[in-house]
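Enquirer:
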Amino acid sequence: MSTVAETHTAHPPFKASERLAGHLQQLHVDLIDLHIQGKQAHWNVVGKNFRDLHLQLDEVVDAAREFSDTVAERMRAVYITPDGRAKTVAAQSSLAEFPADEVDTAETVDLITGALYSVAATARRIHDEVDEEDPTTADILHAILERLEQLAWMIDSENRVANRSIPRPIHQ
1 MSTVAETHTA HPPFKASERL AGHLQQLHVD LIDLHIQGKQ AHWNVVGKNF
51 RDLHLQLDEV VDAAREFSDT VAERMRAVYI TPDGRAKTVA AQSSLAEFPA
101 DEVDTAETVD LITGALYSVA ATARRIHDEV DEEDPTTADI LHAILERLEQ
151 LAWMIDSENR VANRSIPRPI HQ
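full-length UniProt numbering applies: residue 1 is where the sequence shown begins, and numbers increase by one.
#1: I need the boundaries of the alpha helix (DSSP H) containing H35, first residue and last residue.
#2: For D30, collect the residues of the same chain with a Cβ closer than 8 Å to its Cβ; drop the 5 residues on either side in sequence, then sort them by chain order.
#3: Closest by CA to E146, which one among R51, R124, E18?
#4: According to DSSP, simplified to helix, strand and coil, what is D134?
#5: Check A96 in the structure and name its three-state DSSP category.
#6: DSSP puts V103 in a beta bridge; with which residues?
#7: Just the C-alpha distance for V78 and P135, rounded to the nearest angstrom, thanks.
#8: Is it true that the segment 34-45 meets the segment 6-18, where meeting means three or more beta-carbon pairs spaced less than 8 Å apart?
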């Protein structure tokens, strides 16, 4: 007598390559780390405009959580096993480490903006290869980029000086 596990055969029209799996895993762990860093900042930010930043950090956390889940579910849909375990995130994240102690609001703005742009940089770095293999997954990257860059702009504006502190791209 055979079991379902022995007889089940799926014939998906698409199964991700190892390259796509690696790209999505990197984005997945970066988004998880962004969520964790956002909560760390949320709990430990102090200083001028505390409440506004405290609430903005919740927006970052919510977006990062939603996007990491979206990426993980897309990974499963194309037969990739996501790994979001703490030790994997710690080993694979491309984000700089967030401080363990209290952090002033102005420094928190810079750190979280940097973390947002780091995750956006991962999405931009992998985009063309993802799009080449799976345009549907690339559409997910577009939504992630749009929101993360919007959040970065909004949070970064807290520390900007009008017409004098215009950000410059990293590659210049």
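Ideal placement from N, C-alpha and C gives every residue a C-beta, glycine not left out.
Expert: Put simply:
#1: Residues 18-44.
#2: S93, S94, L95, S118, V119, T122
#3: R124
#4: It is coil, neither helix nor strand.
#5: Coil, per DSSP.
#6: V45
#7: 12 Å
#8: no
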